[in-house]
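> Quick note on numbering: UniProt numbering labels position 53 of the sequence shown as 53, and the sequence is numbered without any gaps.
Quick reminder that beta carbons are idealized off the backbone N, C-alpha and C, glycines included.
All of these numbers come straight from a predicted model, not from anything done at the bench.
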Amino acid sequence: EVEAGLMEYKPDIIISVHPLMQHIPLWVLKWQGLEKKVIFVTVITDLSTCHPTWFHPWVNRCYCSSQEVAKKALQEGLEESQTRIYGLPIRPSFARAVLVKDELRKELEMDPDLPAVLLMGGGEGMGPVKKTAKALAESLYDKKAEKPIGQIVIICGRNKNLVASVEAIEWKIPVK
1 EVEAGLMEYK PDIIISVHPL MQHIPLWVLK WQGLEKKVIF VTVITDLSTC
51 HPTWFHPWVN RCYCSSQEVA KKALQEGLEE SQTRIYGLPI RPSFARAVLV
101 KDELRKELEM DPDLPAVLLM GGGEGMGPVK KTAKALAESL YDKKAEKPIG
151 QIVIICGRNK NLVASVEAIE WKIPVK
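(1) Check Y86 in the structure and name its three-state DSSP category.
(2) Sorted by chain position, which residues of the same chain lie with C-beta nearer than 8 Å to V98's C-beta, five sequence neighbours on each side aside?
(3) Give me, in chain order, the residues of the same chain whose beta-carbon lies closer than 6 Å to that of E35; leave out the 5 immediate sequence neighbours on both sides.
(4) Excluding the 5 residues preceding and the 5 following P11 in the sequence, name in chain order all residues of the same chain whose CB lies nearer than 8 Å to its CB.
(5) Quick one: grab the DSSP three-state call for D102.
(6) Would you decide whether P148 is buried or exposed? Buried here means 16 or more other CB atoms lie within 10 Å of its CB.
(7) Can you tell me the Cα-Cα spacing of K160 and G77, whole angstroms?
(8) Give a yes or no on whether the minimum CB-CB distance between V17 and chain B is below 8 Å.
(9) Using three-state DSSP, classify P52 as helix, strand or coil.
(10) So what's M21 in DSSP terms, helix, strand or just coil?
(11) To which residues does DSSP link G15 through a beta bridge?
(12) Could you tell me which whole alpha helix (DSSP H) segments of length 4 or greater appear in the stretch 107-141?
(13) How do the stretch 57-73 and the stretch 104-114 stand: do at least 3 beta-carbon pairs fall below 8 Å, yes or no?
(14) Please classify F94 as buried or exposed, where buried requires at least 16 neighbouring CB atoms within 10 angstroms.
(15) So, does the stretch 67-77 touch the stretch 14-32, judging by three or more C-beta pairs under 8 Å?
(16) Can you tell which of S48, E80, I173 has its C-alpha closest to the C-alpha of L140?
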């Protein structure tokens, strides 16, 4: 399918943002004799630890998210001339100035005096988020004093079922 797509669309440049999409497209380009005609760029979206499949010596350029990732790229066989450190590519709206912690807690209607735990389950809210939240909530509740000693902020991504199931729980601690 990768080969059919490349042959149909005949791209001038391929930008890979997934570690499993380096080797196959690069081999297809080589088989088709297109490795000198099509520019292949990798944009690594992991900040530190990253899988070796991110790195392939045939890429024209590998944009690394950090110095640590660039070092790993060199260890995995890329040349320094192939790597650039550019940080993570993000939409400008995500780069807005961050509020001071107290202002952010007020905006999110959080308890200003309790420490907070941020729980995320990937872009789709996958993984044992609900189970983990329950375990965290249990550990953040002082049974002797019968009061919370912490709070949780849960990021559910686009997982509406997770949102509904988390909101349906009667928590003993603040949960957002």
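Concretely, from the data shown:
(1) coil
(2) L104
(3) L29
(4) V38
(5) helix
(6) By the Cβ neighbour-count rule, P148 is buried, with 16 or more other Cβ atoms within 10 Å of its own.
(7) Between the alpha carbons of K160 and G77 lies a gap of roughly 42 Å.
(8) Looking at the structure shown, chain B is missing, and only one protein chain is on hand.
(9) helix
(10) Note: M21 maps to coil in three-state DSSP.
(11) One point to set straight first is that residue 15 is Ile, not Gly, in the sequence displayed. I15 is bridged to V41.
(12) 129-139
(13) No, they do not touch.
(14) exposed
(15) no
(16) I173
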